[in-house]
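A.B. asks: Each number in this note's numbering comes from the position in the sequence shown (counting from 1) with 629 added on.
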Amino acid sequence: MGKLLDSLYNRYIFSIFILLFNFNINQTINQTKKFKGINKFIMSPKAKKSLILSGIIGGAIAAPILLPLIPYAVQHTLVNKEIKNNPKAFFDRRVENAIADSGLDTKVADLGEAIKALEADYNALEDKTTPEAKAKKAELDTKKEELEKIKAELEKVKTEATYKATEVLAQLGDATINKENEKYTAQYVVLAYADFKASLEKLGETVDVNYPNKEDVEKISEFYQSWIDKFDKINKNNLNVTSTAWVSGLKYDWEIAKSIYASESRLVGSYLEWGLSYAYPINAFYDTISSIKGPKATKVLKNLKEGLESNVVLSKVVIKNNVKAFLSAYYSEQLLAFAKGTETEKLVSDIINSNTTLDKETKDFHLFYVNEYYKGSDHGKGEDLADLKVLKENTYNEVENTIEVFDETDNKTYKVYGLGLTEKDLTAKNVGLNSIKGSENTTTGKKIYDSILKFSTTSNDSAQEVFESGYQTSKKASENMILTAKAVAKLITGTDKGVWNPTVKYDADGLGKQEAVDTVLKIRDAEGNINLPEFNKWMNQEQFFFGREDSTYYTQQKKEELEKDPALADAIKNLDKLGYTPLKNSQTKYGSITNDQFYYGALEAFKGYNQFRDATMQEGFSYFPNQVPRYGITTYQYSRRADEGVGAYNDNAKVEQDGFGAFMFNADPYYSLPKWSVTSFANHESVMGHHNQIYYAKEFLKKIDGLTIGDIFSYTSYVEGWALFMEWFGIEAGLYGTPDFENEDYYALPKDFRLAKGITNFLRTTSKEKVTQDQITKIKDLHGGVYWNLVSSVNAISDDKEHALKAVELANMLQYFGALNEAQLRNMRRAVDTAYHGDLSAGREDLPAGASIKDVREFLKANSALGIGDITSESKRYLNLPGQATSYNSGKEAMLKLYDRVRRSKGLSRKDFVSNKENIKEFLNLLLETGALPLDTLKEIVEKHYNL
């Protein structure tokens, strides 16, 4: 009826317009008589009469129809006025009318009365066991069930009416006139999002949103566009900061969804189960390749076959890496049987077929992957094997990523060759996505990577633009590293100039064939000039890695000290649970060390990260208005350590009794970060970084009138951008020393390294006389005493108090260098990720387009102080997880710009802004309280909150 009235109302307005038009024509005719010289334009009396007559007739015909609509027209105007001025009255009336029309409220009331009467009758019965009583009780129960059903129906009517009423208010209301429209709009967004989820679930009954085919993709794209159109109708005046985050964020979500599905990334097994912001091809880094099993495997198999038909296939190097991952996950028993058996080699397909417990769908997927799929790839060929096999001997000269299987019965680890990386794999060009040729009818590697780049950076920057940005910043970022190297050289040698050529124990190839050897490094010449590559080698000497210290460090006394330390009880349990215990007391060679050193080095690393947590957690909490729970610390599964990066954060892990979530580091001495990266690395992953951000969203998510859409956003550009932003904020907050607030370079060296709020905050004096024995003991023990030893490596220091002051200063310098190095890593990531996967019109001589793993490693090595283990693991990560690494700097830069804009808007210096905890709390809380938003949305809410 309402639509009919609206239609008639519109006709009414149109008819009035015609009448007025006719009237105006007659008026015009009359007016023209007053002017001379234009009689030729005056209508003839006959024409004039006809025009007037038509107006009269039209009015006479329209009047009987239009007169009854005048009240409706008035009502329509009043309703619009009410929507803007008195939204509560409009809302209440709409909901009340819907309830009244349903008649359910009357039924509820009537049933309530009937139940009361039945209860009275039943309670009046003395004997509740008689047939009459039982019948009465059954009738009463039936009525109560009926009442609950009707109440549920009534709630549904209320919800639907609320949804419709708030939709009108969200679109036509105006919070600048009546603030209540904000509340109703928020209510609408929450209900609309619930409707979206229900509609998406319903869509999922007819299409597969996680593993779609071509027809599914078209339907899914149309679905998302309809929701974008729906939210476009919301009046922005009705949105406050929080609801702006919801609406803008959801619309961006849906735009990204359209882009991902349109890219046809399904043809390379794009994994969508974790959400659209994790839509990377199935890979070994996240081990999503091992999640494909059962019915999922059949669907992915179908998509990969379709991709194979149109030449949309991953590179052979990547495929082989994925095969290694799922073999390790599903076929360990079969691999162990092979390793202990008499056969010297075996087809991987035979290993798969010999598993009698795994379901057929998963095995069929694996068989296709190792045969047709691998053989169908025409780029990034590497070893380019005719058939994938496992072997007992290292026939192909694998240098890393070799499969290892552990036999619990004889406490022995066996190596199985055939699927690890060889020199041919490491030097193979065109291993990334852009080398997928594809077809015009489906997709190309460029299209797939561009869609990943868009949701990773939440920007429209091209691969070439991202590459140029990363390459240029990588080349410029070494200035502060050189200044730090000069400061370190001066502290250790005691002079600004003069040759400094220290001899250190250095391992050039990590787990390669070369041993760690004494190496002379020419770091500083007579004039005081620093050779940065040589200093970077000094920063990667053996004693800077947990477990790679000199073998004499892990004495029996040191081992017992670590094992009996109550603070390491959880660490020992975790190492045992994760498969590291067999390393203990084993003298088997591992790189340049032994398995025994590996194990106790892992405990020493746990000790170092525990010390960081104890020293810095409360300082980190002080910059936020709400405090998240304490985090736990753990490492990776032993069998997975070579496939993982240097570390991560897992918010769902429970690894300590009083810890929530877990900061994870790689305990392998050859895949770990050095000791001087402890602060920046742990800060990134824990407090103030990932742990703080993720648990903040879990526990302190902003609501409007008690309503929220939930913690639904998880954009990598925000998540990783936040963690990197907190890495930088560690410099600003004084974790490494007194910040140089006057310097325009926000990464500038601290003005003074002697006092810091980071891991050396146990020393609170620069006066030698005030240094205590406890402080001396702590710096002697910190990270195995490496800072204590190095600061006196040139000039002996006889006074322990003076020694402690200098060792603390050196520790702070090197931890700061770690922060610079981590920032440089993110610069380089943008360059190397796009060099692997992007459509580049021009690369560089030292980082060409279509780069190989070796190309990437050489670039990382030449432009940073990353350790060999870090370089090894990171280079594989970028290949297996395209696009993800580009997100860090884009997010950090966006947040840093907002930080600066807000600070300047308040007229505060950098020092005042960070020192005034209320200002910094307000800003950081705003960034956190609505979840991991797209960067454009984050910018939008900050501008709205601060009126920028």
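Glycine included, each C-beta is placed from N, C-alpha and C at the ideal position.
These numbers come from a predicted model, not from an experiment.
#1: What's the call for K665, buried or exposed, on a 16-neighbour Cβ count within 10 Å?
#2: How is the alpha helix (DSSP H) around D1036 delimited, first residue to last?
#3: Kindly list the residues whose CB is nearer than 6 Å to the CB of S583, restricted to its own chain and excluding five residues on each side of it in sequence; keep chain order.
#4: Is the beta carbon of L1562 less than 8 Å from the beta carbon of G878?
#5: Which same chain residues end up closer than 7 Å to L965 when comparing Cβ atoms and leaving out the 5 residues on each side of it in sequence?
#6: With burial defined as no fewer than 16 other Cβ atoms inside 10 Å of the residue's Cβ, what is the status of P924: buried or exposed?
#7: Given this structure, state the Cα-to-Cα distance separating H995 from T1345, to the nearest angstrom.
#8: Could you give the first and the last residue of the continuous alpha helix (DSSP H) run that contains G1498?
#9: Return yes when at least one heavy atom of the ligand HEM lies under 7 Å from the C-beta of G1359, else no.
#10: Determine the contact status of D1054 and L1302, defining contact as a CB-CB distance below 8 Å.
#11: Which residue comes first and which comes last in the alpha helix (DSSP H) that contains D734?
#12: So T1087 and L1564 are in contact, right, with Cβ under 8 Å, and what is the actual spacing, rounded?
#13: Nearest-angstrom Cα distance between N1188 and I1159?
#14: Straight-line CA distance for Y1376 to N1456?
#15: When you compare the CB positions of A886 and Y840, do they come within less than 8 Å of one another, or not?
#16: Considering only DSSP beta bridges, list what S1343 is partnered with.
#17: What residue ranges within the region 897-964 form continuous alpha helix (DSSP H) runs of no fewer than 4 residues, ordered along the chain?
#18: Check this for me: beta carbons of V946 and V1060, under 8 Å apart or not?
#19: Whole angstroms is fine: what's the gap from K1568's alpha carbon to K808's?
#20: Which residues does DSSP list as the beta-bridge partners of K831?
#21: Report back the beta-carbon spacing between L747 and E768 to the nearest angstrom; my notes put them in contact at under 8 Å.
#22: Does DSSP classify A1494 as helix, strand or coil?
#23: Among Y1209, S1493, D1429, E1108, which has the Cα closest to the Cα of E1451?
#24: Just verifying my parser: in three-state terms, what is the DSSP assignment at E972?
#25: What are the partner residues of E1029, as DSSP defines its beta bridges?
#26: Assign E1178 to one of two classes, buried (16 or more other C-beta atoms within 10 Å of its C-beta) or exposed (fewer than that).
#27: So A1296 and G1290 are in contact, right, with Cβ under 8 Å, and what is the actual spacing, rounded?
#28: I want to know whether the region 1236-1253 touches the region 1217-1227 - three or more CB-CB distances under 8 Å.
#29: List the whole-angstrom C-beta distance separating G1560 from F1342, where the pair is believed to meet the contact cut-off of C-beta under 8 Å.
#30: From the DSSP output, which residues share a beta bridge with D1147?
#31: Alpha carbon to alpha carbon, what distance is there between L1017 and L1062?
#32: Taking 8 Å as the cut-off, decide whether the C-beta atoms of Q602 and L1469 are in contact.
#33: What did DSSP end up calling D882 once you bin it into helix, strand or coil?
#34: If you follow the alpha helix (DSSP H) that T1102 is part of, which residue opens it and which one closes it?
#35: Determine the direct distance from the alpha carbon of T1072 to that of D861, and round the result to whole angstroms.
#36: I believe I728 touches D721 by the beta-carbon criterion, under 8 Å. Please report the beta-carbon distance rounded to the nearest angstrom.
C.D. replies: From the atom records:
#1: Residue confidence is low: K665 scores 39 on pLDDT, short of 50, so the model does not pin down where it sits. No coordinate-derived value is stated.
#2: D1036 -> not in any alpha helix (DSSP H); beta strand (DSSP E) instead, spanning 1032-1036.
#3: As displayed, the chain neither begins before 630 nor continues past 1577, which places residue 583 out of reach and without an answer.
#4: yes
#5: V1034, D1036, Y1043
#6: exposed
#7: 30 Å
#8: 1497-1509
#9: Judged by which ligands are present, the structure shown has none, so any question about the ligand HEM falls away.
#10: no
#11: 733-753
#12: 5 Å
#13: Residue identity check: residue 1188 is Lys in the sequence provided, not Asn. Looking at the two C-alpha atoms, the distance is approximately 38 Å.
#14: 13 Å
#15: no
#16: A1561
#17: 924-938, 945-959
#18: yes
#19: 23 Å
#20: Answer is none; K831 lacks a bridge partner.
#21: 6 Å
#22: coil
#23: S1493
#24: coil
#25: L1050
#26: buried
#27: So it is not a contact: roughly 18 Å between Cβ atoms.
#28: no
#29: 4 Å
#30: K1134
#31: 22 Å
#32: Outside the modelled stretch of the chain, which goes from 630 to 1577, sits residue 602, for which no answer is possible.
#33: helix
#34: 1092-1105
#35: 30 Å
#36: Wrong, their Cβ atoms sit about 11 Å apart, outside the cutoff.
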